[in-house]
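Enquirer: Quick note on my numbering: the sequence shown kicks off at 384 and runs consecutively. Have a look at the structure that comes next, please.
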Amino acid sequence: MQDNHERYGLVSRVLHWGMAAILLWQFLGMVLLIILGETPLTYFFLGTHGPLGAVLFVLIVIRLGWVGRNASNRPQPEDSCSGKLASIGHKLLYMLMIVVPLLALLRSYGSGRAFAPFGISLWEASEQKIGWMISVGNAAHGILAWVLLAMIAGHVGFAIWHKAIKRDQVWSRMV
């Protein structure tokens with residue numbers, strides 16, 4: 384269950400791969416929307432976007448708590464330039480995984496629409512709109528989501544590079 388210096392534990396791996404699956408679903412829906420436009424298929428994905436975004440937000444908070452609890456037991460990056468870059472990259476991924484859904488929640492709250500993912504009411508509808516919340520969410524949620532996707536692609540690429548080229552133990556830590 385716990386992380387150790389050689390590999391990540393079951394909890395870390397379940398959180399990592401569960402979030403990866405939800406992120407893949409989220410981005411697949413947005414890519415389909417861009418390619419196909421508004422269709423029944425894209426409406427299906429869009430109907431799950433908000434609730435799954437809320438799940439992602441909760442999972443990243445749990446994951447950050449778990450990282451903090453296991454900080455001294457986790458595998459450490461190499462003491463090299465690439466190890467330092469990997470550490471910075473992971474911190475940016477975590478930051479974006481918090482900021483992107485937070486911006487969507489901010490925009491949703493500011494719009495005055497009720498938000499009840501999976502029937503759990505987080506807030507009721509309001510006739511009052513909060514313009515700055517809507518503006519900030521509109522300006523940054525989508526752009527930062529695509530930055531997150533680019534970072535994820537880099538993350539996956541470097542994981543494959545560690546497995547195929549470096550042939551070190553980085554890949555096996557999380558797989």
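The beta-carbon is built from N, C-alpha and C at its ideal position, and this holds for glycine as well. Model, not experiment: these values are computed from the prediction.
#1: On the premise that Ala-542 lies in contact with Trp-529, defined as a C-beta separation below 8 Å, what is that separation, rounded to the nearest angstrom?
#2: Per DSSP, what are the beta-bridge partners of Trp-506 in this structure?
#3: Could you check how far apart the C-beta atoms of Gly-495 and Glu-510 are, in whole angstroms? I think they sit under 8 Å.
#4: Is the region 473 to 482 touching the region 422 to 432, taking contact as three or more C-beta pairs under 8 Å?
#5: Name the two residues that bound the continuous alpha helix (DSSP H) containing Met-413.
#6: Where do the ends of the alpha helix (DSSP H) carrying Val-438 lie?
#7: At which residues does the alpha helix (DSSP H) containing Ile-543 begin and terminate?
#8: Inspect the beta-carbon positions of Leu-439 and Pro-484 and report whether they are closer than 8 Å.
#9: On the premise that Arg-390 lies in contact with Arg-550, defined as a C-beta separation below 8 Å, what is that separation, rounded to the nearest angstrom?
#10: On the CB-based measure, 16 or more other CB atoms within 10 Å of its CB, does Leu-435 come out buried or exposed?
#11: Could you name the residues of the same chain whose beta carbon sits closer than 8 Å to that of Arg-490, not counting the 5 residues immediately before and after it, in chain order?
#12: Can you give me the Cβ contacts of Leu-393 inside the same chain, cut-off strictly under 6 Å, excluding the 5 residues immediately before and after it?
#13: Would DSSP call Ser-455 helix, strand or coil?
#14: Considering only residues of the same chain and omitting the five flanking positions on each side of His-432, which have a CB-CB separation below 7 Å?
Expert: In brief:
#1: The residue given as residue 529 occupies position 146 in the sequence shown. The residue given as residue 542 occupies position 159 in the sequence shown. The Cβ separation is near 20 Å, so there is no contact.
#2: Indexing the sequence shown from 1 puts residue 506 at position 123. Its beta-bridge partners are Phe-498.
#3: Here residue 495 is taken as the residue at index 112 of the sequence shown, counted from 1. Here residue 510 is taken as the residue at index 127 of the sequence shown, counted from 1. About 6 Å separates the two Cβ atoms, so the contact holds.
#4: no
#5: By 1-based counting over the sequence shown, the position of residue 413 is 30. Here the alpha helix (DSSP H) through Met-413 covers 393 to 419.
#6: Counting from 1 along the sequence shown, the entry for residue 438 is found at position 55. Unbroken alpha helix (DSSP H) run through Val-438: 423 to 452.
#7: Stepping through the sequence shown from its first residue, residue 543 is reached at position 160. 514 to 544 is the span of the alpha helix (DSSP H), which, as asked, contains Ile-543.
#8: Taking the first residue of the sequence shown as 1, we reach residue 439 at position 56. Taking the first residue of the sequence shown as 1, we reach residue 484 at position 101. Yes, the Cβ-Cβ distance between Leu-439 and Pro-484 is below 8 Å.
#9: Looking up residue 550 in the sequence shown gives position 167. Looking up residue 390 in the sequence shown gives position 7. In fact, because the Cβ distance is near 16 Å, the residues do not count as touching under 8 Å.
#10: In the sequence shown, the residue the question calls residue 435 occupies position 52. Result: buried.
#11: Locating residue 490 in the sequence shown gives position 107, counting from the first residue. Met-516, Ile-517, Val-519, Gly-520, Asn-521 and His-524.
#12: In the sequence shown, residue 393 corresponds to position 10, counting from 1. Same-chain partners within the cutoff: Met-384.
#13: Counted from its first residue, the sequence shown places residue 455 at position 72. In the structure shown, Ser-455 sits in coil (DSSP, three-state: anything other than H, G, I, E or B).
#14: Within the sequence shown, the letter at position 49 stands for residue 432. Cβ neighbours of His-432 beyond the five flanking positions: Gln-409 and Gly-412.
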